[in-house]
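Residue numbers (full-length UniProt numbering): 1 to 270.
Put into structure tokens, the structure is as follows:
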């Protein structure tokens, strides 16, 4: 199904005031399991760095929720948030200006061609972006060229173990905008090394607890919203029922080790 139109409707609904936008970010933080995993990795990376002048690239910033999280971790950090969509860049820039988060700058860029002329970034964050880009190795090379020595790249993306809710050759991605259903864990690490990264680590997310949580908290609501906007009226009551279960499942997924999973958390160092 087409996910972008639903994202657009959600963005419009929560963009009426800065308070609603912040509420939207907090709801995403609670609901999205990938956010639990990313926040955990970012907290680990940030140890000892909160008082340092760090440069961060939010590569494919979308709604801006990760730039919001990072900019709140330290006012000494400078974040460049880039996205290919004009409307999201303008929308985020307007919101961040209103709330006084001046350590974030938004800019329209295509990751396939974008590269800093001089190494600039200590951290590059790419959350649910690479499954949308066919020319992935080119993007990895651009990340590597734009990073300082010792910098880290952090990626969240679907795996080939049922990512995008694909479980066989006859099935297609739940999200039609994806150009690949998911990465093989060795494949993405090999591509990163071919792009110049010296060291990589990868592990599965969305194991058994996460897969159940994703269906309850994301897949079923999105399918219902795609059927009728009237479901917006029912959505709060739906989440009141299912979220306590999702909360426990998300914790179990974030704190467990999974032999397989539909998501990948990948780190690479220059």
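Cβ coordinates follow ideal geometry from the N, Cα and C atoms, glycine included.
Since this is a predicted model, take the numbers as computed values, not measurements.
- With fewer than 16 neighbouring CB atoms inside 10 Å of its own CB, residue 184 falls in the exposed class.
- Distance check between residue 42 and each of 27, 152, 208, 62 places 152 closest, using alpha-carbon atoms only.
- Rounded to whole angstroms, the gap between the alpha carbons of residue 34 and residue 64 is 15 angstroms.
- By DSSP's assignment, residue 200 forms a beta bridge with 268.
- A contact is defined here as three or more CB-CB pairs under 8 angstroms, and the segment 238 to 246 fails this definition with respect to the segment 71 to 87.
- As the crow flies, the alpha-carbon of residue 96 is around 17 angstroms from that of residue 59.
- According to the DSSP assignment, residue 98 belongs to the alpha helix (DSSP H) that extends over 86 to 99.
- Taken through DSSP and simplified to helix, strand or coil, residue 111 comes out as coil.
- For the beta strand (DSSP E) assignment, the uninterrupted runs of no fewer than 3 residues enclosed by the segment 27 to 67 are, from N- to C-terminal side, 55 to 59.
- With fewer than 16 other Cβ atoms from the protein chains shown falling within 10 Å of its own Cβ, residue 20 counts as exposed.
- Rounded to whole angstroms, residue 197 and residue 268 show a C-alpha spacing of 6 angstroms.
- CA-CA distance, residue 237 to residue 215, rounds to 17 angstroms.
- In the structure shown, residue 139 adopts helical secondary structure according to DSSP, grouped into three states.
- Residue 193 is not a Cβ neighbour of residue 137, given a cutoff of 8 angstroms.
- Residue environment analysis places residue 157 among the buried positions, since at least 16 neighbouring C-beta atoms fall within 10 angstroms of its C-beta.
- For residue 155, the uninterrupted beta strand (DSSP E) run begins and ends at 147 to 158, by DSSP.
- Membership of residue 123 in the beta strand (DSSP E) is indicated by the continuous run 121 to 127.
- Look at residue 212 here: in three-state DSSP terms it is helix.
- In this chain, the beta strand (DSSP E) harbouring residue 79 covers 78 to 83.
- In the three-state reduction of the DSSP assignment, residue 238 falls in the helix class.
- The beta carbons of residue 201 and residue 182 sit about 18 angstroms from each other, so the pair does not count as a contact at 8 angstroms.
- Ranking 66, 16, 260, 147 by CA distance to the CA of residue 211 puts 260 first.
- Inter-residue distance for residue 86 and residue 107 is about 9 angstroms (C-alpha atoms, whole angstroms).
- Counting every other CB atom within 10 Å of its CB across the protein chains shown gives residue 220 a total below 16, marking it as exposed.
- Where residue 194 is concerned, the enclosing alpha helix (DSSP H) starts and stops at 185 to 194.
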